[in-house]
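Just below is one structure, and these are the notes that go with it.
Number of protein chains: 2
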Amino acid sequence: MTPTDSTRFASQTVHVPLSERSYDISIGTGNLAEVGRWITSLRSVTHAVLISDDHVARHYLEPVSESLKSEGIRVTKLVVPAGEPSKSVATSQELWEKALADRVDRKSSVVALGGGVIGDLAGFIAATMTRGLDFFQIPTTLLAQVDSSVGGKVGINLPAAKNIVGCFWQPRGVLIDTAVLETLPKREYLSGLAEVVKYGVILDPEFFEYLEANVQPILDRDATVLQKIVARSCELKAQVVAEDERETTGLRAILNYGHTYCHALETVSGYGEYLHGEAVAVGMLCASRLGEKLGVFAPEATERQHKLLTALGLPVDVPKLDEAAILSAMQRDKKVEHGKLRFIVPHCIGKVVLTPDVPQDVAMQAWTDGYAS
Amino acid sequence: MTPTDSTRFASQTVHVPLSERSYDISIGTGNLAEVGRWITSLRSVTHAVLISDDHVARHYLEPVSESLKSEGIRVTKLVVPAGEPSKSVATSQELWEKALADRVDRKSSVVALGGGVIGDLAGFIAATMTRGLDFFQIPTTLLAQVDSSVGGKVGINLPAAKNIVGCFWQPRGVLIDTAVLETLPKREYLSGLAEVVKYGVILDPEFFEYLEANVQPILDRDATVLQKIVARSCELKAQVVAEDERETTGLRAILNYGHTYCHALETVSGYGEYLHGEAVAVGMLCASRLGEKLGVFAPEATERQHKLLTALGLPVDVPKLDEAAILSAMQRDKKVEHGKLRFIVPHCIGKVVLTPDVPQDVAMQAWTDGYAS
Ligand SMILES: NC(=O)c1ccc[n+]([C@@H]2O[C@H](COP(=O)([O-])OP(=O)(O)OC[C@H]3O[C@@H](n4cnc5c(N)ncnc54)[C@H](O)[C@@H]3O)[C@@H](O)[C@H]2O)c1
Ligand SMILES: NC(=O)c1ccc[n+]([C@@H]2O[C@H](COP(=O)([O-])OP(=O)(O)OC[C@H]3O[C@@H](n4cnc5c(N)ncnc54)[C@H](O)[C@@H]3O)[C@@H](O)[C@H]2O)c1
Ligand SMILES: [Zn+2]
Ligand SMILES: [Zn+2]
């Protein structure tokens, strides 16, 4: 497929403005095979450490590697087992050592080919190998395309806490090929949609309407619609990140809409029971009901989210779990003061507000009200 | 001892100008016990992760910890075994986990109390824990006071390479108490002097003369003279670092004067045989002889370095080692092109020049000419 092939969809660029760390996200369909030309258009790369997981590698490692090689780039392929446990100190050590054994140096680049696990892990390797290598991302899950590949957070887990070791390390460029989502398991795909819905609720009522109007093509992974929702999601997240790159002003907190409930649900149900986006869906509805209880959000707006998330095949009911455990998980998630919790609460579709002083009992009512009736 | 105690030496400040990462190095004698007030004058610190090694901790952990606590700062004390092997992935993992277990969060600070090993290791923890914590350094070896605590390079070793994993992470402040050098073993102290001499040769002929004129007080660790040489060394390194913070323009390379030979000597003699500064002393003289051979440096200037280093108790003779091994170590140190090597070559005391095309045989003659006669 040549770049002028008329069957191709035009690719689209989202600029992420971060002063000297600014970069572009290039979004297309079928552009994976052009990664070599894309990367050399951004930087003169002679050696790439290409990091992937074994699921993704099966489908896409060779085309990406061949495309890089065709531009004269030497490629070190490093494949780790798929799944969250690879975001570890042990895997990092293995990658550092293997990259070094294959003659990595300060001019090498790191390319992440995979979902959020690979993006976070490879980004951490890029941030720390020889005190920082150029980093390129090719996100292959919907979650990674619309969320984890934007914002520069990279890192790994410790047994006692997720994402606790890491850096802010911006990529030099992100290439998104929405066609790779064809091979993504359905549950993973639907899970990614929850974050897409989130962007509509927190920032963009028109985008939310667009999603409501396009449920079927979204479920069909229609190329045109996918490109639109991925691009708009990246744009919205990039706006927020640009205003608060290192999470210091507090602005970036709005991206955590639904996430205090989500994290409590993930923790108490046991990691793995819910995919992240599934827990986000349940959590957003809790935060919506919380908005109602605080008198700032209308029940119709909760209803619209409920309807959209249901149509997209996402869970909406709160499962029956130990309520004391949920409360204490929420308390740990966001440092509490004097029995008050901090939440991102919606005021209307398109606008959320950080609300620092939510009484615990009200927060818990918004949880228990979500039990299946 | 109160801050107005007349027996105290005035403390002195060296500013390191790095735009929004600028900070001050505060240099004094007996100021260690004031670390609590110093740190709170810089940032509002409520929790400090204080990292040290078991040699240094024996003398200085309690005074530092008590001073921090007296300012209401909660202190997590983490002590690792003294020595280079602590600059490892395994020790990092241990420190990350222990800091986390003692409730580190994004508002915590890391304080390094020790030599270059502790500075590099603790700095790496600071750079990576919760994506970056405020970092404060209290260097306790001469090498750390004049060299490793300035410049923002932090990191750890892999079995196959030193300092290969790390970041650039600037401290918020550095506190130097030259009185702690009293307990430093003599060989460590002398070793640190080699880097001090280096600053004179590469940047400051008057400072070099000052060193020549003050050999005995330097050997006596005289407080006034120590403060002067530490402050001037920090100033000179800070100037270079400010012009090339992330080692991208090549300017920072002049700090490597003598270091290509030094690294070859360290590698081939086996790590641990020479202390770093000892190998620097031998290496600087090789680089000086190289300058002579290239016709840009005068034999008298080599002679002055030889005399000063000898007077300071540093080794000056090149040991008999496998010459092929030395050459190949130098080739690996600085990527060679077509049999040419890159060296920092002196043109006069106070000025060095990066010389990219030194023939290998000339480089080796400057080495073998240094054999004890
Ligand atoms: N850095 C950030 O800002 C950020 C934001 C959100 C989430 N995250 C992190 O992202 C991670 C979750 O990411 P994820 O949901 O992408 O999980 P993932 O990377 O584990 O991918 C999910 C599964 O899909 C497979 N897969 C990926 N792409 C595929 C494709 N195109 N075809 C077939 N299979 C494919 C993977 O092998 C894996 O089995 C978590 O570790 C989370 O902490 C990071
Ligand atoms: N980051 C940089 O820019 C940079 C520059 C140069 C060197 N380094 C690193 O620095 C390290 C070497 O540093 P170093 O020479 O300070 O070694 P070190 O930290 O191992 O200290 C040397 C010895 O002195 C002991 N010690 C330290 N202070 C003491 C005191 N006041 N009293 C008694 N004993 C004391 C230590 O416990 C240790 O046994 C190497 O790992 C090197 O890579 C880093
Ligand atoms: Zn999320
Ligand atoms: Zn040195």
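Those sequence lines, one after another, are chains A and B. So the first sequence is numbered by UniProt numbering: it starts at 1 and just counts up by one. So the second sequence is numbered by UniProt numbering: it starts at 1 and just counts up by one. Positions of the beta carbon are idealized from the N, C-alpha and C atoms, including for glycine.
Query                                                                                                                                                                                   : Result
How many Å lie between Tyr-23 of chain B and Gly-151 of chain B at the Cα?                                                                                                              : 11 Å
At which residues does the alpha helix (DSSP H) containing residue 385 of chain B begin and terminate?                                                                                  : An answer regarding residue 385 of chain B cannot be provided, because it is not within the stretch 1 to 373 covered by chain B.
So is Lys-320 of chain A buried or exposed if we call it buried at 16+ other beta carbons inside 10 Å?                                                                                  : exposed
Shortest alpha-carbon distance to Asn-355 of chain B belongs to which of B:Ser-67, B:Val-318, B:Leu-290?                                                                                : The residue asked about is misnamed: residue 355 of chain B is Thr in this sequence, not Asn. If we check each option's Cα against that of Thr-355 of chain B, B:Leu-290 comes out closest.
Across the stretch 103 to 116 of chain A and the stretch 125 to 145 of chain A, are there enough close Cβ pairs to call them in contact, namely three or more that are closer than 8 Å? : yes
Using the C-alpha atoms, what's the distance from Val-316 of chain B back to His-306 of chain B?                                                                                        : 7 Å
Does Arg-74 of chain A come out as helix, strand or coil in the three-state DSSP assignment?                                                                                            : strand
In this structure, does DSSP put Leu-113 of chain B in helix, strand or coil?                                                                                                           : strand
Please list, in chain order, all residues of the same chain as Asp-369 of chain A whose beta carbon is under 6 Å from its beta carbon, the five residues on each side excluded.         : Arg-289
Could I get the ranges of all uninterrupted alpha helix (DSSP H) runs contained in the stretch 251 to 299 of chain A, with 4 residues as the minimum, in chain order?                   : 259 to 269, 276 to 293
Given a threshold of 16 other Cβ atoms within 10 Å of its Cβ, counted over all protein chains shown, does residue 380 of chain B qualify as buried or as exposed?                       : Past the edges of chain B, shown from 1 to 373, lies residue 380 of chain B, and the structure says nothing about it.
Output yes if chain A places a C-beta closer than 9 Å to the C-beta of Ser-92 of chain B; else output no.                                                                               : yes
Please confirm if Lys-237 of chain A has its CB atom under 9 Å from at least one CB of chain B.                                                                                         : no
For Arg-246 of chain A, is the classification buried or exposed, using 16 other Cβ atoms within 10 angstroms of its Cβ as the cut-off for buried?                                       : exposed
Tell me which same chain residues have a C-beta within less than 7 Å of the C-beta of Ser-11 of chain A, skipping the five on either side of it?                                        : Ser-26, Ile-27, Gly-28, Asn-31
Would you mind telling me which residues of chain A sit closer than 8 Å to Ala-161 of chain B, beta carbon to beta carbon, in chain order?                                              : Leu-100
Any idea if Glu-34 of chain A is buried or exposed, counting beta-carbon neighbours within 10 angstroms, 16 or more meaning buried?                                                     : buried
Go through the stretch 18 to 91 of chain A residue by residue and report every complete run of the beta strand (DSSP E) that reaches 3 residues or more, in order.                      : 23 to 29, 47 to 53, 74 to 80
Assuming Cys-167 of chain A and Cys-167 of chain B are in contact, meaning their beta carbons sit under 8 Å apart, how far apart are those beta carbons, in whole angstroms?            : 7 Å
Find the residues of chain A that neighbour Ala-122 of chain B, judging by a C-beta separation of less than 8 Å, and give them in chain order.                                          : Within 8 Å Cβ-Cβ: nothing; Ala-122 of chain B doesn't reach chain A, min ~14 Å.
From the beta carbon of Phe-207 of chain B, is the nearest beta carbon of chain A less than 9 Å away?                                                                                   : no
Beta-carbon within less than 7 Å of Ser-52 of chain A's beta-carbon, same chain only, minus the 5 sequence neighbours each way: which residues are those?                               : Leu-61, Val-79, Leu-113, Gly-114, Ile-118
Taking only the alpha-carbon atoms, compute the straight-line gap between Tyr-199 of chain B and Ala-238 of chain B and give it to the nearest angstrom.                                : 11 Å
Taking 9 Å as the cut-off, decide whether the C-beta atoms of Asp-54 of chain A and Ala-82 of chain A are in contact.                                                                   : yes
Below 8 Å on C-beta distance, what does Glu-97 of chain A contact in chain B?                                                                                                           : Leu-158, Pro-159, Ala-160
With a threshold of 8 Å (Cβ to nearest heavy atom), would Leu-184 of chain A be considered close to ligand 1?                                                                           : yes
According to the neighbour-count rule (16 or more other Cβ atoms, all chains shown, within 10 Å of its Cβ), is Tyr-271 of chain A buried or exposed?                                    : exposed
Quick one, are the C-beta atoms of Val-197 of chain B and Met-284 of chain B less than 9 Å apart?                                                                                       : yes
For Cys-167 of chain A, return the contacting residues in chain B, with the cut-off set at a CB-CB distance below 8 Å.                                                                  : Ala-127, Thr-128, Arg-131, Gly-132, Cys-167
Val-318 of chain B and Tyr-371 of chain B look like a contact to me (Cβ under 8 Å); what is the Cβ gap, rounded to whole Å?                                                             : 5 Å
For the putative contact between Val-56 of chain A and Thr-140 of chain A, defined by C-beta atoms under 8 Å, what is the C-beta separation to the nearest angstrom?                    : 5 Å
Establish whether the CB of Lys-198 of chain A and some CB of chain B are separated by less than 9 Å.                                                                                   : no
Suppose you measure from the CA of Glu-125 of chain A to the CA of Met-330 of chain B; what does that come to, to the nearest Å?                                                        : Residue 125 of chain A is actually Ile in this sequence, not Glu. Each residue's alpha carbon lies about 27 Å from the other.
Find the nearest neighbour of Asp-357 of chain B within the set B:Lys-340, B:Ala-366, B:Met-129, judged by alpha-carbon distance.                                                       : B:Lys-340
For Ser-92 of chain A, is the classification buried or exposed, using 16 other Cβ atoms within 10 angstroms of its Cβ as the cut-off for buried?                                        : buried
Using the Cα positions of Val-345 of chain A and Ile-254 of chain A, report the straight-line distance between them to the nearest angstrom.                                            : 9 Å
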